[in-house]
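The next block holds one structure in the form of structure tokens; read it before the comments.
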Amino acid sequence: AQTVTQSQPEMSVQEAETVTLSCTYDTSESNYYLFWYKQPPSRQMILVIRQEAYKQQNATENRFSVNFQKAAKSFSLKISDSQLGDTAMYFCAFMKLNNNDMRFGAGTRLTVKP
Amino acid sequence: GAVVSQHPSRVICKSGTSVKIECRSLDFQATTMFWYRQFPKQSLMLMATSNEGSKATYEQGVEKDKFLINHASLTLSTLTVTSAHPEDSSFYICSARQYNTGELFFGEGSRLTVL
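These protein sequences, in sequence, are chains D and W. Here our numbering is used: the first residue of the first sequence is 29, the next is one more, and so on. Here our numbering is used: the first residue of the second sequence is 1400, the next is one more, and so on.
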């Protein structure tokens, strides 16, 4: 079974600064997907960024980038130039290549302070 | 991006009654949909996988007779909470897998409160 671990229940960052959220996972699969989702107070799950395990290049999406270390099974999210609207719960998620059910970490509550 | 709609977004019911929550993919076909449950300040826990035209696959510990899932068409899956009790109160979220791309899209969630 796949497990996803987010070891930071809460984090805060000053507006315009950079913050990194950590995520580790455990799997015996060689090919899979990793995701970061944002869940604001509205509870709508919003895809932030996605990484295919077979790609060595780290995914980047505007102010959001990941540090994917496959050997270490680590998938951290870096948010640059933090904005107040980034305040939300962030979930790291794992999905096998041939099975689309997604497994989530416990989440990290990020607060961006003005 | 693709849209997944859940209805109702909020529902309050009396203990012992049944409640149905719908999950619709509005602009794409979804062969597979997933139902999650989320308790306050906790993560999403997969309850079951719903495949169009076949029986749902439930995760260990999820009562099949209490959480009835039907996926009668490529755009609609329903979750019925039968004989609801206060402990069934939770936030239920569905996701739908787009048939041709395999991407997953989430609904807005449904908050169930059982009195």
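Every residue gets a Cβ at the ideal spot worked out from N, C-alpha and C, and that includes glycine. It should be emphasised that the depicted structure is a prediction, and the values quoted were computed from it without experimental measurement.
Three-way DSSP call (helix, strand, coil) for residue i in this model
i       : result
W:E1451 : coil
W:E1502 : coil
D:D109  : coil
D:D54   : strand
D:D129  : strand
W:E1462 : coil
D:E45   : coil
W:E1486 : helix
Contacts around residue i, its chain only, beta-carbon distance under 7 Å, and the 5 residues preceding and following it disregarded
i       : result
W:W1434 : M1446, A1447, S1449, I1468, L1478, Y1491 and C1493
W:F1505 : V1403, I1492 and S1494
9 Å Cβ cutoff, residue i in contact with chain W
i      : result
D:F119 : yes
D:F96  : no
D:A134 : yes
D:D129 : yes
D:M123 : yes
D:R91  : no
Residues near residue i in its chain [Cβ-Cβ closer than 6 Å; skip 5 each side]
i       : result
W:I1411 : T1512
D:F96   : Q79, N86 and F103
W:T1389 : As shown, chain W starts at 1400 and ends at 1514. That puts residue 1389 of chain W outside it, with no answer to give.
D:Q72   : none
Interface flag, residue i vs chain D, CB-CB below 9 Å
i       : result
W:L1467 : no
W:R1510 : yes
W:S1494 : yes
W:A1500 : Here residue 1500 of chain W is Thr; the residue named in the question, Ala, does not match the sequence. No - not a single Cβ of chain D is within 9 Å of the one on W:T1500.
W:S1424 : no
W:T1474 : no
W:Q1451 : The displayed chain sequence assigns Glu, not Gln, to residue 1451 of chain W. Not one chain D Cβ lies under 9 Å of W:E1451.
W:K1463 : no
W:E1507 : yes
W:Q1428 : no
Residues of its chain near residue i, where Cβ-Cβ distance is below 8 Å and the 5 sequence neighbours each way are ignored
i       : result
D:T115  : P68, L138, T139 and V140
W:E1502 : A1401 and R1496
Cβ contact check for the stretch 1440 to 1450 of chain W and the stretch 1409 to 1419 of chain W: 3 or more pairs under 8 Å: Counting Cβ pairs under 8 Å, fewer than three are found: no touch.
query: When the Cβ atoms of the stretch 63 to 80 of chain D are set against those of the stretch 101 to 112 of chain D, are three or more pairs found closer than 8 Å?
result: Yes, since at least three Cβ pairs between the stretch 63 to 80 of chain D and the stretch 101 to 112 of chain D fall closer than 8 Å, the two stretches touch.
message: Whether or not the stretch 42 to 52 of chain D and the stretch 67 to 74 of chain D are in contact is what I'm after, with contact meaning three or more pairs of Cβ atoms, one per stretch, closer than 8 Å; do they touch?
response: Result no; under three Cβ-Cβ pairs closer than 8 Å.
- request: Examine the Cβ distances between the stretch 52 to 66 of chain D and the stretch 116 to 128 of chain D and report whether three or more of them are shorter than 8 Å.
  value: The stretch 52 to 66 of chain D makes contact with the stretch 116 to 128 of chain D: 3 or more CB pairs, one atom from each, lie closer than 8 Å.
- prompt: If you measure beta-carbon to beta-carbon, which residues of the stretch 58 to 89 of chain D are closer than 7 Å to chain W?
  reply: Listed by position along the chain: R71, Q72 and M73.
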